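The block underneath contains the structure these notes are about, expressed in structure tokens.
Numbering (the numbering used here), first residue to last: 16 to 154.
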């Protein structure tokens, strides 16, 4: 089962070039079979989710914000999309857009490890999570 998930990840990583082409990022068939082979994080993550679910793996499309530098204690405001999947009863987070290959840091990590850089923003909880590091500077 892990080899199927790895094959899908390799396909997505190698298939796309990061760029917003003319194909809608929600048009899975257009992204996979189109000539452009261009996508941004939304397209990468939606294609990964679609392909994983076709072979029976529960996979979530997540969106929110990211910090591109761990030392950036203030929210930098980069919107982003990534995934969370369950393989062999283990839940893992992955950023298929940022991963260069399946041995990369951004492929299949424990969800708690993603919390350093990836934030799902939901109401006051999201705002609270973003403000904690900034508030610590003043304490």
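In this text, a Cβ means the ideal position worked out from N, Cα and C, and glycines have one as well.
Model, not experiment: these values are computed from the prediction.
Query	Result
Would residue 100 pass as a contact of residue 106 if the rule is Cβ separation under 9 Å?	yes
The alpha helix (DSSP H) spanning residue 58 covers which residue range?	56–69
Distance check for residue 103 and residue 140, CA to CA, integer angstroms please.	Residue confidence is low: residue 140 scores 49 on pLDDT, short of 50, so the model does not pin down where it sits. Its coordinate-derived value is still stated next. Near 30 Å, if we compare the C-alpha coordinates of residue 103 and residue 140.
Using 9 Å as the threshold, is the C-beta distance between residue 25 and residue 53 below it?	no
What's the call for residue 131, buried or exposed, on a 16-neighbour Cβ count within 10 Å?	exposed
Do you know whose CA, among 45, 97, 55, 19, lies nearest residue 129's CA?	97
Going by CA-CA distance only, name the one from 62, 45, 29 that's closest to residue 36.	45
Who does residue 124 pair with in a DSSP beta bridge?	108
Below 8 Å CB to CB, which residues in the same chain sit around residue 126 once its five sequence neighbours on both sides are set aside?	99, 106, 107, 108
Taking the beta carbon of residue 60 as the centre, do at least 16 other beta carbons fall within 10 Å, making it buried, or is it exposed?	buried
From 31, 77, 63, 80, pick the residue whose C-alpha is nearest to that of residue 23; which is it?	63
Near residue 72, what residues of its chain come up, given a Cβ to Cβ distance below 7 Å and the 5 sequence neighbours on each side ignored?	20, 100, 101, 102
Assign residue 75 to one of three DSSP states: helix, strand, or coil.	strand
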